[in-house]
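>
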Amino acid sequence: MSDIKRVPCVGTSVVRVDAYDKLCGKMRYTGDCYSEEYYFGRTLRSPHACANVKKIELDPEFDWTGITVVTEEDIPGENVLNNFNMDVPFLPKNGRVNYIGEPVALVAAPTEELAAEALKHIHVEYETIEPSLNVFDSIAKKNLIYSDNNIIKEYHVDKGDPDAIFADTENYDILEGSYRTPYQEQAYIEPQSMIAFPEENGITIKGSMQCPYYIRKESQKLFNFPPENIHVIQMPTGGGFGGKEHFPTMIASHAALLALKSGHPVKMIYSRTEDMEGTTKRHPSYITLKTAINKKTGQLGAVYSEIIFDAGAYSMATPVVLARGTIAGAGAYDCDDIKIWARGVATNLIPTSAFRGFGAPQSFFAVEHHMTRHAEKLGLDPLKFKRENLLKKDSVTATGQHLKDPVALERCMNALFEKINYPELYKKYREQPKDAKKRRGVGFSAVFHGAGFTGRGEDYIKAKAGVRICDDGRVEVLCSTTEMGQGMRTVLPQIVAEAIGVPFERVSVPWTDTADVPDSGPTVASRTTMVVGKVLRDAAVLANEAIKEAVSQEFGCEDPDIINGRIYGGGKELMGMDGAAELLKKQQRDLCYYSVYSSPPGIEWNEKTFHGDAY
0 MSDIKRVPCV GTSVVRVDAY DKLCGKMRYT GDCYSEEYYF GRTLRSPHAC ANVKKIELDP
60 EFDWTGITVV TEEDIPGENV LNNFNMDVPF LPKNGRVNYI GEPVALVAAP TEELAAEALK
120 HIHVEYETIE PSLNVFDSIA KKNLIYSDNN IIKEYHVDKG DPDAIFADTE NYDILEGSYR
180 TPYQEQAYIE PQSMIAFPEE NGITIKGSMQ CPYYIRKESQ KLFNFPPENI HVIQMPTGGG
240 FGGKEHFPTM IASHAALLAL KSGHPVKMIY SRTEDMEGTT KRHPSYITLK TAINKKTGQL
300 GAVYSEIIFD AGAYSMATPV VLARGTIAGA GAYDCDDIKI WARGVATNLI PTSAFRGFGA
360 PQSFFAVEHH MTRHAEKLGL DPLKFKRENL LKKDSVTATG QHLKDPVALE RCMNALFEKI
420 NYPELYKKYR EQPKDAKKRR GVGFSAVFHG AGFTGRGEDY IKAKAGVRIC DDGRVEVLCS
480 TTEMGQGMRT VLPQIVAEAI GVPFERVSVP WTDTADVPDS GPTVASRTTM VVGKVLRDAA
540 VLANEAIKEA VSQEFGCEDP DIINGRIYGG GKELMGMDGA AELLKKQQRD LCYYSVYSSP
600 PGIEWNEKTF HGDAY
């Protein structure tokens, strides 16, 4: 067998498995599904930022035949989306609405036109309340939206003694600055879309989503159904970027409520306008930074960062988004004395939630601008200042994580600068006349990013994934991770193929169906390849070992091997993978092999002190 060359999978360039269907328009998205049995769902939304719903009336002169209307009274279970803080209602809880665009009632009808017309004939009486439309009014408790202080989540990081450094104005130059970032829309190609099918004592939900098990788990409390009666299937998804993490549970539940009451499958697809007006965004941020730089050495001495994220009316993913923003509060710089105070604040604005980078981009934006300003104030070259103060091997981060492995940040920076002659370009563009009609610019940011959930997040999730050996020699990946354009259905088969010893083309990932795959955790936080990929690799190794043990038992050979989809032992080829399933069944072995995530040894994290190995 030593003369047989293994065909590698990981590290090679392969054709994306979904490329052909997408390029040729064969991929069927939720919007491409149609049946004469479908009803079409629409949402009646609040025109007020803060109000009490006093009365909902249906126009008696309108023909309501064949039209289904759902209000809070129609919710059979708990009217709360099971997010981190359990505060997001599916429809106004106790009649309270907290932002413009909040769903108030739902309508389903046999045609889209009739559903839209029906919305006009639902009359809502509101008692308006003075809203808090910015974080500072909320901090001042102008209007209580969340708990007794409007603070959804708060984190503190303390490292060293920054106050002592800031007090030493003889040796350190001090600079303060304030930075803001606005809302940002994910702008995925496909808008939010779901189809719900009523079942006997259950519901089937298909649609565009990142986290099928979120929808299944949260529907349990909404409908009081056992989990096995809630069937969630991911359709091909045209982008997510965090915008289809929590929010799809909202539209899925709305479609399901209408489907169960009407007895018809209900299709809900937001228009682009409705999607942009009514779904979650990136958190606006208000960040105040104070830094101390040694006047003689140019070394960064201390950092103070006060971070405020606008969570909007409900918490959604604010606790974990704010956590990443806090971890990034001092940027990618080596500093012994750091203090960070971060708060997620409720306002009467549209809820904010996950978006690529998960809170870190806001902090890095502020830190990078501030470091450039402070260096220039002292007459230092900002690029040289940043290079000399970057995190490196053996540095300790703001949260106390010791970087024991090599850090390639400075090496990447140097390679980039050399390739495009960045310092010269930077100097050239900075010298342009500020009143020129056309100006050019070039920018550089030093950042870090951790794949997977922060702290003990992955330990709580306990991602499970597996592989199935099929009768025809194929291998199926069993995980609830979703494909939304990032290439998961191509990357994960590469990992599994390499671990089992079969060609890449013989491994497939079916579209996620909660009836057939375990809970691998949400498809968020850049965790798919590193976290779920590792779990799948472990499961594939178990499958590889089981097949080899079966072959050894069947043929009486030692150390059999699987190479390129062929099974060898005793110096000769014994069989192909198409016989593996039959052999496993003959010996009463499993065809499916699973593994569960476990954190690497030596990882420590204290949630209360926000200290330890953040990633």
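Reminder that position 336 of the sequence shown reads as 335 in numbering that gives the first Met the number 0, one-by-one numbering, no gaps. The C-beta atom is built at its ideal place from N, Cα and C for all residues, glycine as well.
#1: Should the region 112-128 be regarded as contacting the region 38-47, the criterion being three or more beta carbon pairs within less than 8 Å?
#2: Quick one, which of ASP336, ILE3, ARG505, PRO264 has its alpha-carbon nearest ALA166's?
#3: Taking C-beta to C-beta, are ILE229 and GLN219 nearer than 8 Å?
#4: Per the DSSP calculation, ALA301 is bridged to which residue(s)?
#5: For the candidate residues ALA139, PRO75, TYR178, GLY330, whose alpha-carbon lies nearest to that of PHE224?
#6: Just curious, the alpha helix (DSSP H) that PHE364 is in, first and last residue?
#7: For ILE602, which residues of its own chain have a beta-carbon under 7 Å away from its beta-carbon, when the five flanking residues on both sides are left out?
#8: Just how far apart, CA to CA, sit PRO190 and GLU35?
#9: With H, G and I counted as helix, E and B as strand and the rest as coil, what does DSSP make of THR528?
#10: Beta-carbon separation of TYR187 and GLY239 under 8 Å?
#11: VAL9 by DSSP, collapsed to three states: which one?
#12: With GLN219 as the anchor, note down where its alpha helix (DSSP H) starts and where it stops.
#13: Quick one: what does DSSP say PHE308 is sitting in, helix, strand or coil?
#14: Please report the straight-line C-alpha distance between LEU582 and TYR332, rounded to a whole angstrom.
#15: Using three-state DSSP, classify SER394 as helix, strand or coil.
#16: Count the other CB atoms, across all protein chains shown, that sit within 10 Å of the CB of GLY440; report buried if there are 16 or more and exposed otherwise.
#17: Leaving aside the five residues before and after LEU402 along the sequence, list all residues of the same chain whose C-beta is less than 8 Å from its C-beta, in chain order.
#18: Just to confirm the assignment, what range does the beta strand (DSSP E) spanning PHE240 have?
#19: Around the C-beta of CYS334, are 16 or more other C-beta atoms found within 10 angstroms, so that it is buried, or is it exposed?
#20: Can you list, in chain order, the residues of its chain with a C-beta nearer than 6 Å to that of ALA291? Leave out the 5 residues immediately preceding and following it.
#21: Which residues share a DSSP beta bridge with LEU583?
#22: If you measure between the beta carbons of ARG27 and PRO235, is that distance less than 8 Å?
#23: Starting from the Cα of THR278, find the closest Cα among PRO502, PRO211, THR67, ALA353 and give me that residue.
#24: If you measure between the beta carbons of GLU248 and ILE214, is that distance less than 8 Å?
#25: Check PHE649 in the structure and name its three-state DSSP category.
#26: In the structure shown, what three-state DSSP assignment does THR351 receive?
#27: On a CA-only basis, which of GLY330, ALA365, GLY297 is nearest ASP380? Give me that one, please.
#28: What residues match up with GLU276 in a beta bridge as DSSP calls it?
#29: If distances are taken between C-alpha atoms only, which option among GLU457, ILE55, VAL476, PRO109 comes closest to ILE66?
#30: Where DSSP assigns a beta bridge to LEU80, which residues make up the other side?
#31: Just to confirm my understanding: we take PHE416, look at its own chain, exclude 5 residues before and 5 after, and list those with CB closer than 7 Å. What are they?
#32: Closest to ALA580 by CA distance: which of ASN543, PHE609, GLU606 is it?
#33: Scan the region 388-445 and note each continuous alpha helix (DSSP H) run of 4 residues or more that stays entirely inside, going in chain order.
#34: Does any residue of chain B have a CB that is nearer than 8 Å to the CB of SER252?
#35: Going by DSSP, name the residue or residues bridged to ASP172.
#36: Taking the CB atoms as reference points, tell me whether THR272 and GLY311 lie closer together than 8 Å.
Let me spell this out:
#1: Enough Cβ pairs lie closer than 8 Å, so yes.
#2: Among ASP336, ILE3, ARG505, PRO264, the Cα nearest to that of ALA166 belongs to ASP336.
#3: With respect to the 8 Å criterion, ILE229 and GLN219 are classified as neighbours on the basis of their beta carbons.
#4: The partner list for ALA301 (beta bridge, DSSP) reads ALA291.
#5: Residue PRO75 is the option with its Cα nearest to PHE224.
#6: It spans 359-376 - the alpha helix (DSSP H) in which PHE364 sits, taken as one unbroken run.
#7: For ILE602, where only same-chain residues beyond five positions count, the Cβ hits under 7 Å are ASP612.
#8: Computed Cα separation, rounded: 22 Å.
#9: In the structure shown, THR528 falls within a helical segment according to DSSP collapsed to helix, strand and coil.
#10: Less than 8 Å divides the Cβ of TYR187 from the Cβ of GLY239.
#11: In the structure shown, VAL9 sits in coil (DSSP, three-state: anything other than H, G, I, E or B).
#12: Run containing GLN219: 211-222, per the alpha helix (DSSP H) assignment.
#13: Three-state DSSP puts PHE308 in a strand.
#14: Between LEU582 and TYR332, the C-alpha separation is close to 56 Å.
#15: Under the three-state reduction of DSSP, SER394 is assigned to coil, being neither helix nor strand.
#16: Exposed is the call here.
#17: Spatial neighbours of LEU402 in its own chain (CB-CB distance under 8 Å, excluding positions within 5 residues in sequence) are listed in chain order as LEU390, LYS391, LYS392, ASP393, SER394, VAL395, THR396.
#18: Note, PHE240: premise wrong, no beta strand (DSSP E); not H, not E.
#19: Per the 10 Å Cβ criterion, buried.
#20: Excluding residues up to 5 positions away in sequence, ILE164, PHE165, TYR171, ILE173, GLY300, ALA301 lie with their Cβ nearer than 6 Å to the Cβ of ALA291 in the same chain.
#21: In DSSP, LEU583 forms no bridge with anything.
#22: Cβ distance < 8 Å, so ARG27 and PRO235 count as in contact.
#23: Measuring from the Cα of THR278, the nearest candidate turns out to be ALA353.
#24: What sits at residue 248 in the sequence shown is Thr, not Glu. The answer is yes: Cβ separation under 8 Å.
#25: Because residue 649 is not part of the residues shown, which for the chain are 0 to 614, the question remains open.
#26: It is a strand residue.
#27: Taking the Cα of ASP380 as reference, the smallest distance to any Cα among GLY330, ALA365, GLY297 is reached at GLY297.
#28: Answer is none; GLU276 lacks a bridge partner.
#29: If we check each option's Cα against that of ILE66, PRO109 comes out closest.
#30: Note: LEU80 sits in a beta bridge opposite VAL87.
#31: Spatial neighbours of PHE416 in its own chain (CB-CB distance under 7 Å, excluding positions within 5 residues in sequence) are listed in chain order as PRO422.
#32: Per the Cα distances, ASN543.
#33: Within the region 388-445, complete alpha helix (DSSP H) segments of at least 4 residues are found at 408-419, 421-429, given in chain order.
#34: The displayed structure is made up of one protein chain only, and chain B is not part of it.
#35: ILE292, per the DSSP bridge assignment.
#36: No, the pair does not count as a contact, with Cβ atoms beyond the cut-off.
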